[in-house]
Each structure stands twice: as structure tokens, then as C-alpha cells.
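These protein sequences, in sequence, are chains Y and P. Adding 870 to a residue's 1-based position in the first sequence gives its number in this note's numbering. Adding 1334 to a residue's 1-based position in the second sequence gives its number in this note's numbering. See structure below.
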Amino acid sequence: MTSAVRFTGASRHFGSVRAVDEVDIDIAEGEFFAMLGPSGSGKTTCLRLIAGFEQPTSGDISIFGQSAQGVPPYRRQVNTVFQDYALFPHLNVLDNVAYGLMIAGMPKAERHRAAEEALELVALPGYGKRKPSELSGGQRQRVALARALVNKPKVLLLDEPLGALDLKLREQMQEELKVLQRKLGITFVFVTHDQGEALSMADRVAVFNEGKIVQVGKPEDIYYRPEVPFVADFVGSSNVLPPARTEQRIGKRCPAARRPEAVKIGAVGTVGSEGHAAVVRATSFIGAATRVSVTMDGTAMIALVPKGQALPAIGDQVHLSWDADDLHLMEPGA
Amino acid sequence: MSDAIADRPQNGVLTRVSDTLWRKPRLTILLLLAPPALWLGIIYLGSLFALLAQSFFAIDEFSGMIVYEFTLKTYGELFTPANFDIIIRTVVMAAAVTVAAAIISFPIAYYAARYAKGKWKAIFYLGVMLPLWSSYLVKVYSWKLILAKEGILNWLFETLHLSWLLEAYLSIPVIGGNSLSVSWTGTFLVFLYVWLPFMVLPIQASLERVPTSMLEASGDLGAQPSQSFRYVLLPLALPGVIAGSIFTFSLTLGDYIIPQIVGSSRRFIGQAVYAYQGTAGNIPLAAAFAVVPILIMGLYLWVAKRKGAFDAL
């Protein structure tokens, strides 16, 4: 398998800030790769390193086997969908989409035909004559996508492209992007801080924290088998038990995680001796279930109570329980 | 009880006036607009139209008195070779000053908009605005000293053993002369210096509104920096360049002091207006001359609009 993008010990420091610190990634050709992390974790800087807007302070980045060292953005076969879309306000939609082809020297009629086709691909046929200012957020996002795709890039970079859309539109675009990626077979590198988005769309996810990658893997691995407490916590707010507590309960000294949906909650006395005493702090209705925040031995935990089950009141003493299988143990050192 | 808040006693005239204005937004707008509208309508435009009306009269050649009858004879006089030369000379000078100002301003404005932060931005504004704080006449006379034969510029050329270069330049007809201070090159330099802030600031304002991602997107799509400049940066900054050029162009078209102090004896429109209005008493011809810059600016803006210069607004 050819690697589309490879980071070898790549770092990008801004003064004393290590935005990207000794990162190694191998993104395969045709892969839908997500970079997930909180803001300031270095994921966007990684994307900008691939695009060429930033140069690595040390280490190397290669694109399809060729070192990108000293290659300016305009000579990389990589296109970006920007977070703010960055559509040219003085050009109409068709000329925006055809911009890359115009720069490449394609004759007007030909590039307008290609741009029209790209607009059809993103379900915006016939919008060419409009100005970007006349489009809705979702439509601009599609134009930005068409403008990048029309150049047939080898790698498409997407910088939080769905961040500005409302929930319904975002879910729709997530599906469309996935379908589009399968259809075109282009390598997608997708930056997001939304774990649901990363897990639902990507083939593989890299979780970033403080400039480093803390875990790379398939969405199921990231979700069910977090290697470090940060991943367990950031991806779906798992309940992380500190090593001392785990040792107390199962005799092994390492951090452990349970998904909120694996934690069962019962009134005092209803569960057997393995139940753990806890106090309910807050409850919030989230649709199919209710989120219950509790404190157990001073550790904050979250349990999901499915619809139909009895809800504890705030301040209630409850017992928590979980299956041993649902307790995921992490590396002691992590 | 429910309207206890609304029942709070309204004491004081000011409170009552604010309440009335708040309830009647139309009245507020009317009160706000009336004084400037009166100023603009009567004093500003009124005097302008009074001047324009003068241009449709003519002067009686024997008595020197103004004949208050509608005629286009005065406008015809603009096209006599001597007067037409003045118009062409002024327009060419204004265009040259504008183009040079735009070329010099763009990099300065770009730096200020893109890179200057905090202290450096303050220094930039100071540097650009400082010349505007001192008297215009003082600046023009200082330039006369700088450009004079005994001036610092000549001294510099001599020190560098480059006097021959200056001599060669000054021997070029039209733009040269006895010294820089009596040549059109001198006039050009002083115009350029005096009007430069009026070009830098609008360009800087327009560049400030171009997000960095716009240029990155252009580069990302394969455009080299020169192409990004031509297809993205310049079109987006054009409203600022046009705004600046309106200042530099119209200010140069109308000025009569700079060419009088620094330059050759051949006149510009402003000097012609000054001479006809004051010493010659030919107010109709002065008015007709004054109409020329207005027409040129109107034409310039119309062409700019047609060419899409304001599309990015």
C-alpha cells in the first residue's frame, strides 16, 4: 500500500510553543483519515504542514514518497477546504470553482465545463452565476469542496469544514462526504474537534493532545479500547478511574475506563455487594437517554440511563455497577 | 403591580426627551440629518452650483464685464491651445502622481495590514500621518530647499560624484529644468509626498479586510504569489486603491500652491482658476476651468465602476 502522506518526526514550533511535536503519521492512499483533538492540540498545524502553509521546524513530511521539504503550496498536488471556506468574494461561483484550472492555463470554455461538472458533483448545478455572498453556509461549503475537487488533488485536506453548519446539515454533509470519498477514491485528511464526526466518517482516527498524537486507530479501537486516559475522556467522555482506585477494586494498578452506557445505576440496596456507592449530582435529558452525573469516592462519573428506567433524583444515594468486560484497562504508564 | 416598572416616575426633561425620541425614530433621524443636510445642500452644493452657473456666462471682451446670458462661449475658450495645454498638463501630472502613489503605497499598506502588530502598527500610523500634522506650506517650502540647486539633494549627488547623472536627467526636455526645484519632476515629487497618506490609508483599510486564508486558498489552488496578487489581492484591494486615487487625483487636479512654489512657470488648472478669478476677473472662465476636474473625476469613477472596481465592496 502506497503511503499518501507520511510524517517522520515532524515538529513545528512557534517560539517556545510546540504546536506539533515529533509527530509520526502514515496515511495510506485512498484513506479517509481524521485528525481529532481539542483546539490548540496541533491538528490544524499538521494539516497546514501538509498543505505547505507551514514548514516543519524539524523532521520531514513526504507526499506520495516525495519529500515536501521546501515545496511551496502552489506546487503541491494537495487541495484544501478551509474552515472559513475562503471563497473569493469578487468572483462568481463558477469562476471560484474554475480558479485552479484557470491558474493551470485551461481555456475558458473547458474549465467552465469542468467547474459545472464539479458543481453537479456537490449537488449545486446551475449555481455558477451567483456570488458567494448570495449562498447559504451549507452551499458555500459545497462550493469550497467543488473548488478543491475540480483540480483532482491526490490528497484533499478538510479543516473543520462542517464546523459552521447546523446539526441537521452537518449530519447530511458527513454522509455525503463519505459517499463522495468512496466514489472518488481520493485520500481525505479531515481535521475536527467533534469526536462523533471523526468516528462516524473516518477509516482511521489520530487523536491529538498538546502537539502529539496520543493514539491512532480504527474508530472502534479509539472508542472501545482507548490506550490512554486522555483518549477515553476526550472521545465520548468515558469514566476514567485513576490507577489507585483500580488497584483498590481489581487489584491491578492502571487507569481504567468505562463508557457511560456501560455503567448501570440502581437505588441503594437493590444491587449486590459489587455495587459502588455514589451520589447523584445532576441529571440532563439528552433524548434517547438521560445523562446522570454522579460522584463516586470523589471521582466524577457519568452514567446513561435509557428511556423507561427509573431516574434517581439529585442528591440521591445510588449504587453503580458494570460488567467486568466493560472495564477497559489502559497501560499503567499512560 | 404588573406594570410597576413602566410606572416608575419619569422625572427630568432629559428623560422625557429621550423617551419621546425613542418612541419616534423618524423624528430622531430627521433631527440628526437636518443640520448636515442643510450644510451640504445650501453651503456646500449651493456654492458649487453658483460657481457652475457662472461658467455658462461670458465676459465682454471690451468692457471686461460679465454678461449674464446663457452661452457656451466660455467652455469654447477652454479648447484654445493655451488653455487646453493647461488641462492636459494637469491631467497628466495628476495621473502620474496617482499611479506613483499607488505603486509606493501598496507595499507599505500591505506590510501594515498583514505583518505590523501592536507597537509597529502604531509606528506605521504615526509615520504615515505625521506629515499631515505640519503646515502644508512649510512642507512645500522645505521641499523647495531640498530640491534647490544649493539643496541637500544636489549636495548628495555631488558627494557621491553623481552630479553628471543629475545634470543628464535635468537636461531632458519637459520633465527637466535648471534645477529640480524649478522642474516638473520637482512638482511631481512634492505632490507625491504631500498626498501619499491619502493613498496609503485607504489601501491599508481595504487590505485589512482580506483574510489570510484568501491568499492561502489561492496558493493552495496552484497560484504563484504573482498570480495571487493579480487575481485575488489586487481585485480585493481595488476599492481602496480607487478611493486613494480619488484623493490623490482630485487633490492634484485642484492644487495651485505646489506648482507655484516648486516647478516651472507653466500653469496648472488650479493656477489658471486662481489667475482668472483674482487678477483677470474672468470669473466665467475660472468657473469653466473648475468644472473640468469635476467632469474628469465623474468620468473616472464611471469607468472604474464599469470595469468592476467596486465589485468586491
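Ideal Cβ positions, reconstructed from N, Cα and C, are used throughout, including at glycine.
Pair within 8 Å by beta-carbon distance, residue i and residue j
i, j, result
"phenylalanine 902(Y)", "alanine 1072(Y)", "yes"
"leucine 919(Y)", "proline 926(Y)", "yes"
"glutamine 1085(Y)", "glutamate 1067(Y)", "no"
"alanine 1132(Y)", "valine 1110(Y)", "no"
"valine 1162(Y)", "alanine 1147(Y)", "no"
"serine 1513(P)", "leucine 1523(P)", "no"
"arginine 1040(Y)", "leucine 1032(Y)", "yes"
"alanine 974(Y)", "leucine 991(Y)", "no"
"glycine 1597(P)", "glycine 1520(P)", "yes"
"valine 1150(Y)", "alanine 1183(Y)", "yes"
"leucine 1348(P)", "leucine 1355(P)", "no"
"leucine 1035(Y)", "glutamine 1065(Y)", "no"
"proline 1112(Y)", "methionine 1200(Y)", "no"
Same chain only: Cβ atoms within 7 Å of residue i, ignoring 5 sequence neighbours per side
i, result
"alanine 1434(P)", "Leu1526"
"threonine 915(Y)", "Arg882, Ala889, Val890, Glu924"
"threonine 1424(P)", "Leu1587, Phe1602, Ile1603"
"glutamine 939(Y)", "Asp930"
"glycine 1615(P)", "Gly1398"
"arginine 1242(Y)", "Shown here, chain Y extends from 871 to 1204; a query on residue 1242(Y) therefore has no answer."
"proline 1531(P)", "Val1462, Met1463, Pro1465, Leu1466"
CA-to-CA distance, residue j to residue i, given in whole angstroms
i, j, result
"tryptophan 1681(P)", "leucine 1499(P)", "This structure gives no information on residue 1681(P), because the portion of chain P shown stretches from 1335 to 1647."
"proline 1569(P)", "histidine 960(Y)", "7 Å"
"lysine 1038(Y)", "leucine 1372(P)", "54 Å"
"valine 1575(P)", "lysine 913(Y)", "38 Å"
"lysine 1088(Y)", "glycine 1556(P)", "33 Å"
"proline 977(Y)", "isoleucine 1421(P)", "44 Å"
"glutamate 986(Y)", "proline 995(Y)", "7 Å"
"methionine 1166(Y)", "serine 1191(Y)", "11 Å"
"alanine 874(Y)", "valine 1059(Y)", "10 Å"
"serine 1515(P)", "alanine 1482(P)", "5 Å"
"glycine 1142(Y)", "alanine 1194(Y)", "Low local confidence applies: a pLDDT of 49 at glycine 1142(Y) is under 50, so the model's placement there is unreliable, with the coordinate-based value given in what follows. Roughly 14 Å between the two C-alpha positions."
"alanine 921(Y)", "asparagine 949(Y)", "7 Å"
"histidine 982(Y)", "alanine 968(Y)", "6 Å"
"histidine 1198(Y)", "valine 1105(Y)", "14 Å"
"methionine 1631(P)", "phenylalanine 952(Y)", "40 Å"
"serine 1006(Y)", "leucine 1050(Y)", "21 Å"
"lysine 1455(P)", "alanine 1577(P)", "22 Å"
"valine 1120(Y)", "methionine 1171(Y)", "The sequence shown places isoleucine at residue 1120(Y), not valine. Distance between the alpha carbons of isoleucine 1120(Y) and methionine 1171(Y): 18 Å."
"glutamate 1004(Y)", "alanine 1014(Y)", "14 Å"
"lysine 1082(Y)", "arginine 876(Y)", "15 Å"
"alanine 993(Y)", "glycine 1157(Y)", "32 Å"
"alanine 1204(Y)", "serine 1070(Y)", "Here alanine 1204(Y) scores only 48 on pLDDT, less than 50, and its place in the model should not be relied on; the value that follows carries that caveat. Cα to Cα, alanine 1204(Y) sits roughly 26 Å from serine 1070(Y)."
"proline 1465(P)", "leucine 1487(P)", "20 Å"
"alanine 1502(P)", "alanine 1428(P)", "25 Å"
"glutamate 980(Y)", "leucine 971(Y)", "9 Å"
"alanine 1446(P)", "methionine 1463(P)", "13 Å"
Cβ distance (whole Å) where residue i is taken to contact residue j below 8 Å
i, j, result
"alanine 1621(P)", "serine 1389(P)", "4 Å"
"valine 1534(P)", "serine 1552(P)", "With a Cβ gap of about 24 Å, valine 1534(P) and serine 1552(P) do not count as contacting."
"asparagine 962(Y)", "lysine 999(Y)", "6 Å"
"isoleucine 895(Y)", "alanine 1114(Y)", "Their Cβ separation, rounded to whole angstroms, is 34 Å, which puts isoleucine 895(Y) and alanine 1114(Y) out of contact at 8 Å."
"threonine 1405(P)", "phenylalanine 1396(P)", "With 8 Å as the limit, threonine 1405(P) and phenylalanine 1396(P) do not qualify as a contact, their Cβ atoms being about 16 Å apart."
Closest Cα partner of residue i within the set the options
i, options, result
"glycine 1185(Y)", "Arg918(Y), Ala1152(Y), Gln1179(Y)", "Ala1152(Y)"
"phenylalanine 1563(P)", "Gly1578(P), Leu1464(P), Thr1546(P), Leu1471(P)", "Thr1546(P)"
"leucine 1028(Y)", "Val1188(Y), Thr1057(Y), Val941(Y)", "Thr1057(Y)"
"tryptophan 1529(P)", "Thr1582(P), Ala1387(P), Thr1405(P)", "Thr1582(P)"
"isoleucine 1135(Y)", "Val951(Y), Ala1076(Y), Thr1160(Y)", "Thr1160(Y)"
"arginine 1129(Y)", "Tyr1093(Y), Val1098(Y), Ala1148(Y)", "Tyr1093(Y)"
"serine 1579(P)", "Ala1624(P), Gly1452(P), Thr1432(P), Leu1385(P)", "Thr1432(P)"
"valine 1554(P)", "Lys999(Y), Arg981(Y), Arg946(Y)", "Checking the sequence shown, residue 1554(P) turns out to be aspartate, not valine. It is Arg946(Y) whose Cα lies nearest to the Cα of aspartate 1554(P)."
"glycine 879(Y)", "Ser928(Y), Ile897(Y), Asp965(Y)", "Ser928(Y)"
"lysine 1024(Y)", "Leu1181(Y), Gly900(Y), Lys1177(Y)", "Gly900(Y)"
"alanine 1624(P)", "Pro1370(P), Ala1577(P), Ser1584(P)", "Ser1584(P)"
"alanine 898(Y)", "Gly885(Y), Ser932(Y), Gln1011(Y)", "Ser932(Y)"
"lysine 1177(Y)", "Thr1169(Y), Asp1196(Y), Phe1155(Y)", "Phe1155(Y)"
"valine 1401(P)", "Leu1412(P), Ala1387(P), Phe1413(P), Thr1414(P)", "Ala1387(P)"
"glutamate 1542(P)", "Pro1531(P), Ala1450(P), Glu1395(P), Val1637(P)", "Ala1450(P)"
"valine 1175(Y)", "Arg1123(Y), Met1043(Y), Val1164(Y)", "Val1164(Y)"
"valine 1101(Y)", "Thr1116(Y), Asp954(Y), Val1061(Y), Asn1079(Y)", "Asn1079(Y)"
"alanine 1609(P)", "Ile1595(P), Pro1627(P), Tyr1590(P), Val1474(P)", "Tyr1590(P)"
Own chain partners of residue i with C-beta closer than 6 Å, once the 5 adjacent residues on each side are dropped
i, result
"tyrosine 1409(P)", "Ala1622"
"leucine 1572(P)", "Ala1643"
"serine 1540(P)", "Ala1571, Pro1573, Gly1574"
"lysine 1639(P)", "none"
"methionine 1335(P)", "Because the pLDDT of methionine 1335(P) is 48, which lies under 50, any placement of that residue in the model is unreliable, and the number read from its coordinates should be weighed accordingly. The answer is none, since no qualifying residue turns up."
Beta-carbon proximity list for residue i, same chain, < 8 Å, skipping 5 on both sides
i, result
"phenylalanine 1440(P)", "Ile1537, Ala1571, Val1575"
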